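Chains as they are written, first to last, in our numbering: chain C, 1 to 307; chain L, 308 to 593; chain V, 594 to 1054. Virtual Cβ for every residue (Gly too), placed ideally from N, Cα, C. Fair warning: this is a prediction, and the values are worked out from it, not measured in the lab.
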């Protein structure tokens, strides 16, 4: 992490010439402020109102108080969607964090051509979701898909990846692991910024290579880990595209995730009110989990320069 | 950097091999896409067909791509143009407006600057899909459903990550440059336009590239806001190849997918370093 | 920060130039005015109608023939076929956003929802002209087109399921020439035809209800179970017939091994109909499938010796000669807010001609939804499946059932799918169905309450 921006920020605060007035600054910020108010605050506020109504999009909303929330409480599919989303998020965030760290460590081994390897691993994050989902659907095809052909080669029975309730979610999680490129790149950059002196000191103390990874690298890059984990939690809680394209929530609701349910109610069943209630709960849950992660991280994340 | 000497280790070869096996595995889905796109519909579902494309597939490949390109019921040339239009417009908007906001955060003092910047970063935490249903209602009231506006106008209001990245870069530009220009009679806008933007070009390129790719790959936005076929983006067009009824023409949907991937692939090949370094900065926040 | 990396400056500049040129070229190409293809193709002076349909591939091609015929039959309108996937929600989004297509093809289960949400226009508001109305359709199909006494949709082919039997396998196993008629006969044949190898692994399935399982909710009707009571407007998921059906389902994992049966069924995907299809490839001797399978048999394994019969029914039911089954249809609606409802109606009427529907039925290999009297011999003679009469007899049968006319049917169907899975796992079928009954009825009550609230506000009735 370079110290330069901070240094300059400090000079900007202390030594910068006084500006002509804050009105000018707000003029420069006007696009962002407008967008924040119009495309974020206004919809969020509207959504809070719709959550208390019965609204079909085609007719004006009818106020029904907390009835949507009461219905949610009694809706087993709502709970199923919550469970599925937590399942997806927990497994994919954990596996994704471990895998991307491992790959980043491998990449920082300075082998020949690692730039190419890094580009290849990053490449999937650029593939349009629809194209990726279709390619993976073909890979998961029970008859001719590459996954089952690979299983057959090593003598394992075929799996109907997307057609069987217990395999569909793992299939989506595996596909999600294909998209760790962003995290890998961030970890790589963080690993490169670990001061060499720390490694050397550890080496002198006779710490093994693995020990250095555990006791030096990991603590040093913990801010990056925190960032990646936060972002991937947020993203995995709103996973939508892959299940929508590949399984439509099936089979037997095994991949019926929260966002799919919101989308269905808003746009398929014409129940914008119910969907808004769900969206609000999701927003609160996401913010809550993010706050919790931040609070927990205080104990584990190592901040250099905090001293 | 990257010059740390490392002693050779036992097992290092194994780790190198592991890295390359991982990289190869990451190419497989793209390979499946490519192979599928050059096969006949039946051969795609033949469990004994070879995994890699062969020279003999060329004729079928031409047939498939021509079928996708000239198909009577879909219109990929138009989808590509729509995607380009939306992606380029939102790229311009995102870069300009984020630069303005970042300039304010980097160079001006005003009450509430700190909290406001935290607010910008906090919007990173808000799941974009949470807001899409009420946004739909908003756009409906604005009369924007059935236009491209929902896809590009919000980009003209800037984005949290772009503002963050540009602000960090602007802070590294020596203030002496601004001051010298100001002494020469340059206005604030003049400093921004003549000094900051040219110096910050690498960062602007990164913001532009990431926005282009993000906009090109957007699925949920077009899915919800675009209805008429002549306005489909490429993502939506490929999605429509998915059949609900009857057979999925796998070879054609793979060919369509390849068409959707190619432009981003091209951009990536030309600007790989900038993109990867731009992404790497995401993790460097305080 | 993006570090300006070391490396030749010339290289960097040329890349930047290439990127810039690429961007400029792309922008120029994208912004160059050019009408989209479907507009360019429409003759001058015609009003273009966008017709959304979920079909692709062969089914879309034959539909295009029909549309071409319409486009050439008059001078005023020009219909453009648009394939749309996930159409039930995409159309709702478009109509809700005030940007609808002019005609939209849906599945029959969407009719109650679209009618109640005010997303479709009732057809009885249009001048009738040459439209056949109720008398032109099979009664089971007409039920699917109407909601609470009003017609909301035209039909666009219908289908039922039948039992396909591999006759070569049957002969080999010494079974009678004619396909099983009752559940007991089906069970006996399934036992005789199933071949297992070491450790119970199934090599060839006699009959497995999970293969390919189009409609997990359709087994009850074979035991005269009903899903919905049209008189009282209540769900009847725990009807004794439905419970018996799921109890019958639960015998299969017990007889053939849950793991083995699951492993076998799960190696096939439902709708690809490739040469690897379990029935086409001869790995399943009996299968419940739609009429379209005949087309794929002819394509992939023309030598297959098979017969089709109505799906067997439980022993001891009244009127055992009347076939049972569920009838489903694809439908056409006129979306609310479309730009010229009269024009849409003209096209929809064209699609409701007996000749048009028979033409589509032949191309899609389905039975005809139109029923002004007997099925025409010419239709049966031209049909690609010589067993189409079987499906026709089910669609015409007074004992056949059609989908429950409630907007919550898609959710109800999902629940019934869950109950099927529960029975397959060996859980108590009756308990699972009672649970479905409670949940489905709660949804129905909610939707009734919702409509009452809207009606009180003077909304759409």
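| query | Grouping DSSP H, G and I as helix and E and B as strand, with all else coil, what is residue 542 of chain V? | reply | Outside the displayed span of chain V (594 to 1054) sits residue 542 of chain V, for which this structure offers no information.
| Contact residues within the segment 37-62 of chain C, judged by C-beta distance below 7 Å to chain D | Although the question refers to chain D, the structure presented lacks it and instead comprises the protein chains C, L and V.
| field | Contact set between residue 357 of chain L and chain C, taken where Cβ atoms lie within less than 7 Å | value | Contact of residue 357 of chain L with chain C by beta-carbon distance below 7 Å is absent, the smallest such distance being about 11 Å.
| field | Residues of its chain near residue 342 of chain L, where Cβ-Cβ distance is below 7 Å and the 5 sequence neighbours each way are ignored | value | 358, 359 and 360
| Which partner residues of residue 797 of chain V appear in the DSSP bridge assignment? | Per DSSP, V:788.
| said: Between residue 241 of chain C and chain L, is the shortest Cβ-Cβ distance under 8 Å, so that the two count as touching? | reply: yes
| request: Tell me the start and end of each unbroken alpha helix (DSSP H) in the segment 956-993 of chain V that is at least 4 residues and wholly inside, in chain order. | output: 970-975 and 981-989
| task | Run down chain C in chain order and give the residues with a C-beta less than 9 Å from the C-beta of residue 867 of chain V. | result | 143 and 144
| Buried or exposed: which applies to residue 442 of chain L, given that a residue is buried once 16 or more other Cβ atoms fall within 10 Å of its Cβ? | buried
| said: Closest to residue 403 of chain L by C-alpha separation, out of L:430, L:446, L:351 and L:460, would be which residue? | reply: L:460
| task | Just the C-alpha distance for residue 137 of chain C and residue 698 of chain V, rounded to the nearest angstrom, thanks. | result | 26 Å
| Which ranges does the beta strand (DSSP E) cover as unbroken runs of at least 3 residues, wholly within the segment 819-907 of chain V, from first to last along the chain? | 879-882 and 899-902
| task | Anything in the segment 678-699 of chain V with a Cβ closer than 7 Å to a Cβ of chain L? List those residues in chain order, please. | result | 678, 679, 680, 686, 687, 690, 691 and 692
| task | Would you mind telling me which residues of chain V sit closer than 7 Å to residue 155 of chain C, beta carbon to beta carbon, in chain order? | result | Neighbours of residue 155 of chain C on chain V: none; closest Cβ ~13 Å, over 7 Å.
| request: Run the CB neighbour count on residue 320 of chain L, radius 10 Å, all protein chains shown included, and call it buried at 16 or more, exposed below. | output: exposed
| task | Specify the secondary structure class of residue 923 of chain V as computed by DSSP and reduced to three states. | result | strand
| query | In or out: residue 74 of chain C buried (at least 16 other Cβ within 10 Å) or exposed? | reply | So residue 74 of chain C ends up on the exposed side.
| Min CB distance residue 524 of chain L to chain C below 8 Å | Yes, contact with chain C.
| query | Cα separation between residue 954 of chain V and residue 888 of chain V? | reply | As the crow flies, the alpha-carbon of residue 954 of chain V is around 12 Å from that of residue 888 of chain V.
| Residues of its chain near residue 729 of chain V, where Cβ-Cβ distance is below 8 Å and the 5 sequence neighbours each way are ignored | 945, 947, 963, 964 and 965
| query | For residue 153 of chain C, does the three-state DSSP call read helix, strand or coil? | reply | helix
| Segments of 4+ residues assigned as alpha helix (DSSP H) that fall wholly inside the segment 417-472 of chain L | 420-429, 439-449 and 456-459
| Buried or exposed: where does residue 161 of chain C fall if 16 or more other Cβ atoms within 10 Å of its Cβ makes it buried? | buried
| query | What are the start and end residues of the beta strand (DSSP E) that includes residue 697 of chain V? | reply | It spans 696-700 - the beta strand (DSSP E) in which residue 697 of chain V sits, taken as one unbroken run.
| task | Check whether the segment 508-521 of chain L touches the segment 423-438 of chain L, taking contact to mean three or more Cβ pairs, one atom from each stretch, closer than 8 Å. | result | Touching, no, given that fewer than three Cβ pairs across the two stretches are closer than 8 Å.
| field | Three-way DSSP call (helix, strand, coil) for residue 494 of chain L in this model | value | coil
| said: residue 960 of chain V and residue 895 of chain V - do their beta-carbons sit closer together than 8 Å? | reply: no
| request: Taking residue 395 of chain L as the reference, give the member of L:344, L:562, L:570 and L:447 with the closest Cα. | output: L:570
| task | Indicate whether at least one CB of chain C lies closer than 8 Å to the CB of residue 706 of chain V. | result | yes
| query | What does residue 1039 of chain V touch in chain C if you count any residue whose Cβ is under 7 Å from its own? | reply | The answer, in chain order, is 71.
| query | Per DSSP, which one or two residues make a beta bridge with residue 747 of chain V? | reply | V:925
| query | Hey, would you say residue 108 of chain C sits closer than 8 Å to residue 188 of chain C, going by beta carbons? | reply | yes
| Are at least three pairs of beta-carbons, each pair with one atom in the segment 898-913 of chain V and one in the segment 747-755 of chain V, less than 8 Å apart? | Touching, yes.
| Three-way DSSP call (helix, strand, coil) for residue 770 of chain V in this model | coil
| query | For residue 436 of chain L, which option in C:234, C:228, C:164 and C:294 has the closest C-alpha, if you only look at C-alpha atoms? | reply | C:234
| message | Only counting the same chain, and skipping five residues up and downstream in sequence, which positions put a Cβ closer than 6 Å to that of residue 91 of chain C? | response | 173
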